[in-house]
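Read through the structure below, which is laid out as structure tokens, and then see the notes.
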Ligand SMILES: [Zn+2]
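Numbering (the numbering used here), first residue to last: 925 to 1230.
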């Protein structure tokens, strides 16, 4: 029962409003971790920690279904009996769901230097090769901590590896997916995803197989949605494109790394590095952490879709 003493000192209209609290009941909801969405009988009430006020409680106790939702955690559910005037508290320990990347083999390819290019650079001198390496190593650590097995195509930032060899490293590891990290030199801002949409030919070899084309296409959509879930409002999404839309792909049919790939493969242009805003974003520690989170979300979304 709420006290009306404070309200008594206020205007008469306010007194009646606050004393109507006699019909109310409340439940103080806390959770670990905090930030879970709280639903009562299916209606969103706020994020934990939060005191849910039931304004239509009756003298007879009635059951209310409390549900908590937090991404990456199992839904939490409890029936709570409430009568008018009751104030209760619940503490929910949320159970973390196993990461979708756990047990997966992921090949991370920090783009450049290769036979084609040392990579682009931004207007303020930020090097694509350096950014690709920084993001790749941070993503590697994040994925390994989540139980994934990670194969890198380079062992040091300036190691020169051909695009064919990079594909072979993913093939030899039997990777579930290969993600090739790059930064674009283009107009506009934001991130885009490329996948092999048809076969190409390089060094007399035609590839990839149709299964790789299909698997890469199937990966691109969920991966893109995962990235969007983190980057929306921060970095523009520039779409999903076929390798055939790239300069090299338009001539060869597909990117060299795709032609030799025997596993699903995506090329992610993380930012437009030639844009000063994108350059500043990806050069900052916060921007790099956000990009790692976005790539992780892309992988979680992809493996969660299988
Ligand atoms: Zn590149």
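Quick reminder that beta carbons are idealized off the backbone N, C-alpha and C, glycines included. Since the model is a prediction, treat every value here as computed from it, not as a measurement.
Could you give the distance in angstroms between the alpha-carbon of residue i and the alpha-carbon of residue j?
{"i": "residue 1155", "j": "residue 1218", "result": "7 Å"}
{"i": "residue 941", "j": "residue 980", "result": "Low confidence applies to residue 941: its pLDDT is 40, below 50, so where it sits in the model is not reliable, and the reading given next is rough at best. About 14 Å."}
{"i": "residue 1003", "j": "residue 1112", "result": "51 Å"}
{"i": "residue 1022", "j": "residue 1013", "result": "29 Å"}
{"i": "residue 1076", "j": "residue 1124", "result": "24 Å"}
{"i": "residue 1159", "j": "residue 1222", "result": "15 Å"}
{"i": "residue 1224", "j": "residue 1147", "result": "8 Å"}
{"i": "residue 968", "j": "residue 1151", "result": "26 Å"}
{"i": "residue 1122", "j": "residue 1047", "result": "34 Å"}
{"i": "residue 1015", "j": "residue 984", "result": "24 Å"}
{"i": "residue 1096", "j": "residue 1162", "result": "32 Å"}
{"i": "residue 1027", "j": "residue 1172", "result": "34 Å"}
{"i": "residue 1216", "j": "residue 1010", "result": "46 Å"}
{"i": "residue 1033", "j": "residue 1170", "result": "18 Å"}
{"i": "residue 1087", "j": "residue 1157", "result": "33 Å"}
{"i": "residue 1031", "j": "residue 1101", "result": "6 Å"}
{"i": "residue 1098", "j": "residue 1187", "result": "7 Å"}
{"i": "residue 1020", "j": "residue 998", "result": "6 Å"}
{"i": "residue 1000", "j": "residue 1210", "result": "32 Å"}
{"i": "residue 972", "j": "residue 957", "result": "9 Å"}
{"i": "residue 966", "j": "residue 1228", "result": "25 Å"}
{"i": "residue 978", "j": "residue 1008", "result": "9 Å"}
{"i": "residue 1212", "j": "residue 1081", "result": "16 Å"}
{"i": "residue 1149", "j": "residue 1083", "result": "32 Å"}
{"i": "residue 1038", "j": "residue 1044", "result": "12 Å"}
{"i": "residue 936", "j": "residue 1201", "result": "Per-residue confidence for residue 936 stands at a pLDDT of 38, beneath the threshold of 50, marking its modelled position as unreliable; no derived number is given."}
{"i": "residue 1078", "j": "residue 1060", "result": "10 Å"}
{"i": "residue 1069", "j": "residue 996", "result": "15 Å"}
{"i": "residue 1085", "j": "residue 963", "result": "52 Å"}
{"i": "residue 1056", "j": "residue 1175", "result": "25 Å"}
{"i": "residue 952", "j": "residue 1143", "result": "42 Å"}
{"i": "residue 948", "j": "residue 982", "result": "8 Å"}
{"i": "residue 986", "j": "residue 1153", "result": "38 Å"}
{"i": "residue 1042", "j": "residue 1071", "result": "32 Å"}
Based on the DSSP output, what are the partners of residue i in its beta bridges?
{"i": "residue 1003", "result": "989"}
{"i": "residue 1021", "result": "Answer by DSSP bridge pairing: none, since residue 1021 is not bridged."}
{"i": "residue 1174", "result": "Beta-bridge pairing links residue 1174 to no other residue."}
{"i": "residue 1045", "result": "1051"}
{"i": "residue 1038", "result": "Answer is none; residue 1038 lacks a bridge partner."}
{"i": "residue 1119", "result": "1166"}
{"i": "residue 967", "result": "964"}
{"i": "residue 1011", "result": "950"}
{"i": "residue 1033", "result": "1104"}
{"i": "residue 997", "result": "1020"}
{"i": "residue 1161", "result": "1115"}
Within the continuous beta strand (DSSP E) that includes residue i, where are the two ends?
{"i": "residue 1054", "result": "Segment 1052–1069 is the alpha helix (DSSP H) holding residue 1054; no beta strand (DSSP E) there."}
{"i": "residue 1193", "result": "1189–1196"}
{"i": "residue 1104", "result": "1101–1108"}
{"i": "residue 1113", "result": "Taken as a continuous stretch (DSSP letters only), residue 1113 belongs to no beta strand (DSSP E), as it is neither H nor E."}
{"i": "residue 1130", "result": "1129–1131"}
{"i": "residue 1125", "result": "1124–1126"}
{"i": "residue 972", "result": "Residue 972 -> no beta strand (DSSP E), and no H or E assigned at all."}
{"i": "residue 1073", "result": "1073–1076"}
Determine the extent of the alpha helix (DSSP H) in which residue i is found, giving its start and end residues.
{"i": "residue 1181", "result": "1180–1183"}
{"i": "residue 1220", "result": "1209–1228"}
{"i": "residue 953", "result": "Where residue 953 is concerned, there is no enclosing alpha helix (DSSP H), although the beta strand (DSSP E) it sits in stretches over 949–956."}
{"i": "residue 1146", "result": "1134–1155"}
{"i": "residue 1094", "result": "1087–1096"}
Can you tell me the Cβ-Cβ gap for residue i and residue j, rounded? I've got them flagged as a contact below 8 Å.
{"i": "residue 1165", "j": "residue 1116", "result": "6 Å"}
{"i": "residue 955", "j": "residue 975", "result": "About 13 Å; that fails the 8 Å criterion."}
{"i": "residue 1040", "j": "residue 1104", "result": "Their Cβ separation, rounded to whole angstroms, is 13 Å, which puts residue 1040 and residue 1104 out of contact at 8 Å."}
{"i": "residue 1006", "j": "residue 960", "result": "With a Cβ gap of about 20 Å, residue 1006 and residue 960 do not count as contacting."}
{"i": "residue 1025", "j": "residue 1067", "result": "6 Å"}
{"i": "residue 1185", "j": "residue 1177", "result": "With 8 Å as the limit, residue 1185 and residue 1177 do not qualify as a contact, their Cβ atoms being about 13 Å apart."}
{"i": "residue 1120", "j": "residue 1189", "result": "7 Å"}
{"i": "residue 1029", "j": "residue 1073", "result": "5 Å"}
Looking at chain D, is there any beta carbon in it that lies within less than 9 Å of the beta carbon of residue i?
{"i": "residue 1225", "result": "Considering every chain present, this structure includes no chain D. It has just one protein chain."}
Original post:
For the region 1083–1091 against the region 1173–1189, are there 3 or more C-beta pairs whose distance is under 8 Å?
Top reply: Short answer: they touch.
Original post:
Would the region 1093–1111 and the region 1182–1197 be scored as touching if the rule is three or more Cβ pairs under 8 Å?
Top reply: yes
**OP:** Determine, using beta-carbon pairs with one atom in the region 987–1000 and one in the region 1047–1054, whether at least three such pairs fall under 8 Å.
**Re:** no
Original post:
Is the region 1129–1139 touching the region 1204–1220, taking contact as three or more C-beta pairs under 8 Å?
Top reply: no
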